[in-house]
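To start, the structure itself, in structure tokens.
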Amino acid sequence: MPDVYTKAPVKKRINGLTPQGGSLSAFAVLPKDIRFETQEANEEIVIFLRQHVIVNAGWIFASIILALLPTIVEILLSGTNLLPTLPAGYYVVIPALWYLGLFGYIFVSFLHWYFNIYIVTNERVVDIDWVSLLYKHFASTRLDKVQDVSYKQAGILDLFFNFGHVYIQTAGSEQNFEFAAVPKPDLIVRQINELVEEKNGHSL
Numbered sequence: 012m013p014d015v016y017t018k019a020p021v022k023k024r025i026n027g028l029t030p031q032g033g034s035l036s037a038f039a040v041l042p043k044d045i046r047f048e049t050q051e052a053n054e055e056i057v058i059f060l061r062q063h064v065i066v067n068a069g070w071i072f073a074s075i076i077l078a079l080l081p082t083i084v085e086i087l088l089s090g091t092n093l094l095p096t097l098p099a100g101y102y103v104v105i106p107a108l109w110y111l112g113l114f115g116y117i118f119v120s121f122l123h124w125y126f127n128i129y130i131v132t133n134e135r136v137v138d139i140d141w142v143s144l145l146y147k148h149f150a151s152t153r154l155d156k157v158q159d160v161s162y163k164q165a166g167i168l169d170l171f172f173n174f175g176h177v178y179i180q181t182a183g184s185e186q187n188f189e190f191a192a193v194p195k196p197d198l199i200v201r202q203i204n205e206l207v208e209e210k211n212g213h214s215l
């Protein structure tokens, strides 16, 4: 699991922002109860991000259909001779295995959303990609390496729910960053620009 965990220091205002959101939020400003693995002593989390909750709609809808599927199949086939003749125990074991697999799918889908995290601090930009229970990818770059920040919203859903992709271009061989499907991309871009300007003494 990625080492993002709770803490309890008192946060101050940064660039006029006031704390909002918590550890379960997709968008949190100056979160009071979160820190991450490599966070430095004087480093403050300004914005803590996950993908917008609407991106979970696909697997949630699929899970509902899969949960109902055994009942639907049973109803459709109950008046026919198409159901195989199996020992009574199979009619308990097979649905149990089905729902166990479904629970695993739901659990992994939730973890994928919960542990794929984007962080903007007063010192750097951090991207934590959770791949599996055994593997994660951690990348970060200092704010003074950021050269350009932009965002894109494409489609009715993006505009209606106010989420989009944030692109962070860095200097030289530094890795570029993409915050995928995050809430309030315009605010994120504006805040990163302000932090870079504060760090470098000039705007991008």
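Just so we're aligned, residue 12 is where the sequence shown starts under the numbering used here, counting upward by one. Yeah, the Cβ is synthetic: ideal placement off N, Cα and C, and Gly gets one too. Note that the structure is a prediction, hence the values are computed from the model and not measured.
Between the C-alpha atoms of Ile76 and Leu113 there is a straight-line separation of about 11 Å. A residue is called buried once 16 or more other Cβ atoms fall within 10 Å of its Cβ, and Thr82, having fewer, is exposed. By the C-beta criterion, the stretch 44-64 is judged to be in contact with the stretch 123-132, since at least 3 inter-stretch pairs fall below 8 Å. Between the C-alpha atoms of Ser151 and Leu35 there is a straight-line separation of about 22 Å. Bridge pairing for Pro194: Phe174 [DSSP].
If you keep only unbroken alpha helix (DSSP H) runs of at least 4 residues inside the stretch 124-191, you get 167-172.
The residue from Ser143, Leu41, Ser74 and Ser184 with its alpha-carbon nearest to that of Asn133 is Leu41. Around the CB of Asp197, fewer than 16 other CB atoms lie within 10 Å, so the residue is classed as exposed.
Ranked by how close their Cα comes to the Cα of Leu60, the residues Val136, Ser74 and Trp109 have Val136 in first place.
Gln202 sits buried, since 16 or more C-beta atoms from the chains shown fall within 10 Å of its C-beta.
With respect to the C-alpha of Pro106, the residue from Val84, Ser120 and Phe118 having the closest C-alpha is Val84. Residue pairing by DSSP places Gln31 opposite Val40 in a beta bridge. Taking C-beta atoms under 8 Å as the contact rule, Ala182 and Lys156 qualify, at a distance of about 5 Å.
Pairing Ile56 with Gln50 gives a Cβ-Cβ distance under 9 Å.
Nearest in C-alpha terms to Trp141, of all of Val131, Ala68 and Ser120, is Ser120. Annotation: the continuous alpha helix (DSSP H) that includes Val84 extends over Ala68 to Leu88. Beta-bridge annotation (DSSP): Leu108 is not paired with any residue. DSSP places Val57 in the uninterrupted beta strand (DSSP E) bounded by Ile56 to Leu60.
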